[in-house]
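Q:
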Amino acid sequence: MSEKLRILKMLENGQISATDAAQLLQAVDGGGATPPTPAPFSPPPASFSPPPPTHHHAPPPPPRPTTGRYEGYAPNNSGRPTPPPSTHSSMDDLGRKFESFARDMAPKAQKFMENIADKIDGAASKISSEFTGSRPAYPIPPHGQAHRPHTAPRPSAPTPGGTVEKSIEMPVETGGYNELSLAGINGEIRIKGYNGDKITARLVYRASKASAAHIEMVKLGGKYFLKYEPDDFQLVSIDAFVPERAFSVIKVDGVNCQLDCASLAANEMRFSNANGTTRLTGLSASNIVAESSGGNFSVSNISAASATIENLNGTMDTDELDIANLKLSNYNSPLSIIMSKFARHEEYIWSVETGNAKLSINLPTMPDLGYHIKAHAAMSQIKLGLTGLQFLINEPSLVEARSIHFDTAVKKIKMAVETSNAPLVIN
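Add 5 to a position in the sequence shown, counting from 1, and you land on the number used in my numbering.
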């Protein structure tokens, strides 16, 4: 058994970590020299072709053009499926891809963890910068004051340690650009769209400082947001009904919250939740960005042109994601995808990834659907149960297959899926 295979076997059996395996592989490639410090990691495109060698003193290669083309697929103008490579070539490529994946796994996991840590650390400051009156981008207009829902005298500051309940109602002007920003701390955030023209919310909050002011809903131009200083509060919970189609941009942030958003439509939506469960359902947008950590993540009945959805340390369950361009990732917990149809778009390009957890995908089989799937499962096996496929590569941990009628299919679904240390199942 070669040194490289011995190292990979030790990694598979749990005798060494992914980081140790990567360093040992580099040492073997270098003839036993001390492994060099890896360059900063950049995630590869949704393709299983190994990246070109990187030289520390040479500039990085220019990015590959992807316009109108699924990354990792060579153009084929013949109208016929691309023939499989020769056996020797396939095995050589498989060995190189497997070794490349093992080397990349440790820095990739480390980068994922660092990104999530940065998001968690920055969550409180993000609330302060985007949802309080101290933000320079929200100045008081020179010829008017911010609109507030009540004209009664301002109440005294909340007592530290005491819980305050407050109801808010604010009309929303339609016909122009509107932006909604809501943020909570250590509580619950429930946002639901309805067929109306007012924001109706019930707030529950608890101050941590005697100087804390009561929380208010503020309108500046077309921007609607809760005005408060996060450092002054131990708890901020929001239960709100908002006009479902009145906003161009919707932003919702939570720290240690249970976040639940439903029945909303906008051009752009952004959701962020640290250390809490997240549920998104019945959303429609041109672009959606959703990030969560430290809790289970549920996403269902979403329609979008593009979306990036990420989760860490919590099970992710998704169903009916009618999204043309999707990047979906989950780390340290299982990810499941259930689809019964692909309705709105003619072409779908999906990149799906898990680390240290099972990835399962259930897809419909219909005459108008054509699939091209590239799947990679390091240290595990792939089970591909779709019918009507032609296999271009069919190895236990590396599969490429496409529908026999892919070139003539009305709807084309192109998927790059990848996992490590756990099974990958596509049915």
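Ideal placement from N, C-alpha and C gives every residue a C-beta, glycine not left out.
I believe Asn272 touches Val254 by the beta-carbon criterion, under 8 Å. Please report the beta-carbon distance rounded to the nearest angstrom.
A: Position 267 of the sequence shown, counting from 1, holds the residue named residue 272. Position 249 of the sequence shown, counting from 1, holds the residue named residue 254. Their Cβ separation, rounded to whole angstroms, is 7 Å, which keeps Asn272 and Val254 in contact under 8 Å.
Q: Find the nearest neighbour of Ile293 within the set Glu249, Val415, Lys332, judged by alpha-carbon distance.
A: Taking the sequence shown and counting its residues from 1, one reaches residue 293 at position 288. Closest by alpha carbon: Lys332.
Q: Quick one: Cα of His219 to Cα of Val177, how far?
A: Your numbering for residue 219 matches position 214 in the sequence shown. Your numbering for residue 177 matches position 172 in the sequence shown. Each residue's alpha carbon lies about 22 Å from the other.
Q: List in chain order: all unbroken beta strand (DSSP E) runs of 3+ residues lying wholly within the stretch 162-209.
A: 168-176, 184-190, 193-199
Q: Measure the C-alpha to C-alpha separation of Ala309 and Phe347 and round it to an integer number of angstroms.
A: As a position in the sequence shown, residue 309 is number 304, starting the count at 1. As a position in the sequence shown, residue 347 is number 342, starting the count at 1. Near 12 Å, if we compare the C-alpha coordinates of Phe347 and Ala309.
Q: With a threshold of 16 other CB atoms inside 10 Å of the CB of Lys417, please say whether the residue is buried or exposed.
A: Residue numbering aside, residue 417 sits at position 412 when the sequence shown is read from its first letter. With 16 or more Cβ atoms within 10 Å of its Cβ, Lys417 is classed as buried.
Q: So, using beta-carbon positions, are Ile204 and Met175 closer together than 7 Å?
A: Your numbering for residue 204 matches position 199 in the sequence shown. Your numbering for residue 175 matches position 170 in the sequence shown. Yes; because the gap between Cβ atoms is below 7 Å, this pair is in contact.
Q: Taking a contact to mean a Cβ-Cβ separation below 7 Å, would you say Asn318 touches Ile354 in this structure?
A: Here residue 318 refers to the residue found at position 313 when the sequence shown is read from its first residue. Here residue 354 refers to the residue found at position 349 when the sequence shown is read from its first residue. No, they are not a contact pair.
Q: Where Gly375 and Ala32 are concerned, what is the direct C-alpha to C-alpha distance, given to the nearest angstrom?
A: In the sequence shown, counting from the first residue as 1, residue 375 sits at position 370. In the sequence shown, counting from the first residue as 1, residue 32 sits at position 27. Taking the straight line from one Cα to the other gives about 43 Å.
Q: What number of angstroms, rounded off, separates the C-alpha of Asp373 from the C-alpha of Ala414?
A: Taking the first residue of the sequence shown as 1, we reach residue 373 at position 368. Taking the first residue of the sequence shown as 1, we reach residue 414 at position 409. Asp373 and Ala414: Cα-Cα distance of roughly 5 Å.
Q: Which of the three DSSP states, helix, strand or coil, is assigned to Leu29?
A: Start at 1 with the first residue of the sequence shown, and residue 29 comes out as number 24. Three-state DSSP puts Leu29 in a helix.
Q: Please report the straight-line C-alpha distance between Glu8 and Asn426, rounded to a whole angstrom.
A: Residue 8 sits at position 3 when you count from the first residue of the sequence shown. Residue 426 sits at position 421 when you count from the first residue of the sequence shown. Rounded to whole angstroms, the gap between the alpha carbons of Glu8 and Asn426 is 20 Å.
Q: Going by Cα to Cα distance, which pick from Glu221, Leu30, Phe396, Ala421 is closest to Thr359?
A: To locate residue 359, count along the sequence shown from 1; it is residue 354. Closest by alpha carbon: Ala421.
Q: For Ser291, collect the residues of the same chain with a Cβ closer than 6 Å to its Cβ; drop the 5 residues on either side in sequence, then sort them by chain order.
A: Working through the sequence shown from its first residue, we reach residue 291 at position 286. Asn272, Ala310.
Q: Mind reading off the beta-carbon distance from Leu391 to Ile431? Whole number of angstroms is fine, and I expect it under 8 Å.
A: For the purposes of this step, residue 391 is taken as the residue at position 386 of the sequence shown. For the purposes of this step, residue 431 is taken as the residue at position 426 of the sequence shown. Their Cβ separation, rounded to whole angstroms, is 6 Å, which keeps Leu391 and Ile431 in contact under 8 Å.
Q: Please name the residue in Phe396, Ile398, Met321 whose C-alpha comes closest to that of Ile366.
A: One-based indexing of the sequence shown puts residue 366 at position 361. Nearest of Phe396, Ile398, Met321 to Ile366, Cα basis: Met321.
Q: Less than 8 Å between the CB atoms is what I'm expecting for Thr323 and Ser305, so what's the real figure, rounded?
A: Residue numbering aside, residue 323 sits at position 318 when the sequence shown is read from its first letter. Residue numbering aside, residue 305 sits at position 300 when the sequence shown is read from its first letter. Between Ser305 and Thr323 the Cβ distance is about 7 Å, and since that is below 8 Å, they are a contact.
Q: Under 8 Å by Cβ, that's how I've got Ser408 and Leu394 pegged, so tell me the actual separation to the nearest angstrom.
A: Counting from one through the sequence shown, the residue named residue 408 turns up at place 403. Counting from one through the sequence shown, the residue named residue 394 turns up at place 389. Going by Cβ atoms, the distance from Ser408 to Leu394 rounds to 6 Å, so yes, they are a contact pair.
Q: As a quick exercise: from Asp202, Glu400, Ile342, pick the residue whose alpha carbon is nearest that of Glu325.
A: Working through the sequence shown from its first residue, we reach residue 325 at position 320. Checked all of Asp202, Glu400, Ile342; the closest Cα to Glu325 is Ile342.
Q: Quick check on the burial criterion: 16 or more other C-beta atoms within 10 angstroms. Buried or exposed for Ser172?
A: The count along the sequence shown starts at 1 and reaches residue 172 at position 167. Answer is exposed; the Cβ neighbour count stays below 16.
Q: Is it buried or exposed for Pro401, if we count other Cβ within 10 angstroms and need 16 for buried?
A: Taking the first residue of the sequence shown as 1, we reach residue 401 at position 396. Label assigned to Pro401: exposed.
Q: By the three-class DSSP mapping on this structure, what secondary structure does Asp373 have?
A: Against the sequence shown, residue 373 aligns to sequence position 368. If DSSP states are grouped into helix, strand and coil, Asp373 belongs with coil.
Q: Assign Gln28 to buried or exposed, taking buried as 16 or more other Cβ atoms, counted over all protein chains shown, within 10 Å of its Cβ.
A: The residue you call residue 28 lines up with position 23 of the sequence shown. That one is buried.
Q: So Arg284 packs on Asp244, CB below 8 Å; how close in whole Å?
A: In the sequence shown, the residue the question calls residue 284 occupies position 279. In the sequence shown, the residue the question calls residue 244 occupies position 239. That pair is no contact at about 14 Å.
Q: Using a Cβ-Cβ cut-off of 8 Å (strictly less than) and excluding sequence neighbours within five positions of Leu240, which residues of its own chain qualify?
A: Along the sequence shown, read from residue 1 onward, the residue named residue 240 stands at position 235. Annotation for Leu240: Thr168, Ile190, Asn191, Gly192, Val209, Tyr210, Arg211 place their beta carbon closer than 8 Å to its own, counting only its chain and skipping 5 residues before and after.
Q: Let me know if Pro369 comes out buried or exposed under the rule of 16 or more other beta-carbons within 10 Å of its beta-carbon.
A: If you number the sequence shown from 1, residue 369 lands on position 364. Classification for Pro369: exposed.
Q: Which word fits Tyr233, buried or exposed, when buried means at least 16 other C-beta atoms lie within 10 angstroms of its C-beta?
A: Translated into the one-based positions of the sequence shown, residue 233 becomes position 228. Looking at its Cβ environment, which holds 16 or more other Cβ atoms inside 10 Å, Tyr233 is buried.
Q: Reducing DSSP to helix, strand and coil, say where Thr434 ends up.
A: Given a span of 6 to 432 for the chain in the structure shown, any question on residue 434 remains unanswerable.
Q: Only counting the same chain, and skipping five residues up and downstream in sequence, which positions put a Cβ closer than 8 Å to that of Ala270?
A: Indexing the sequence shown from 1 puts residue 270 at position 265. Excluding residues within five positions, the ones whose Cβ falls inside 8 Å are Gly198, Glu249, Arg250, Leu288, Ser289, Ala290.
Q: Helix, strand or coil for Met15, going by three-state DSSP, please let me know.
A: To locate residue 15, count along the sequence shown from 1; it is residue 10. DSSP places Met15 in helix when its eight states are reduced to three.
Q: Note down the Cα distance separating Tyr336 from Ala362, rounded to an integer number of angstroms.
A: On the sequence shown, residue 336 is found 331 positions in, with the first residue counted as 1. On the sequence shown, residue 362 is found 357 positions in, with the first residue counted as 1. The straight-line gap from Cα to Cα measures roughly 7 Å.
Q: Is the beta carbon of Leu187 less than 7 Å from the beta carbon of Val257?
A: Within the sequence shown, numbered from 1, the residue matching residue 187 stands at position 182. Within the sequence shown, numbered from 1, the residue matching residue 257 stands at position 252. Yes, Cβ-Cβ distance for Leu187 and Val257 is below 7 Å.
Q: If we count the other Cβ atoms within 10 Å of its Cβ and call it buried at 16 or more, is Met384 buried or exposed?
A: Here residue 384 refers to the residue found at position 379 of the sequence shown. So Met384 counts as buried.
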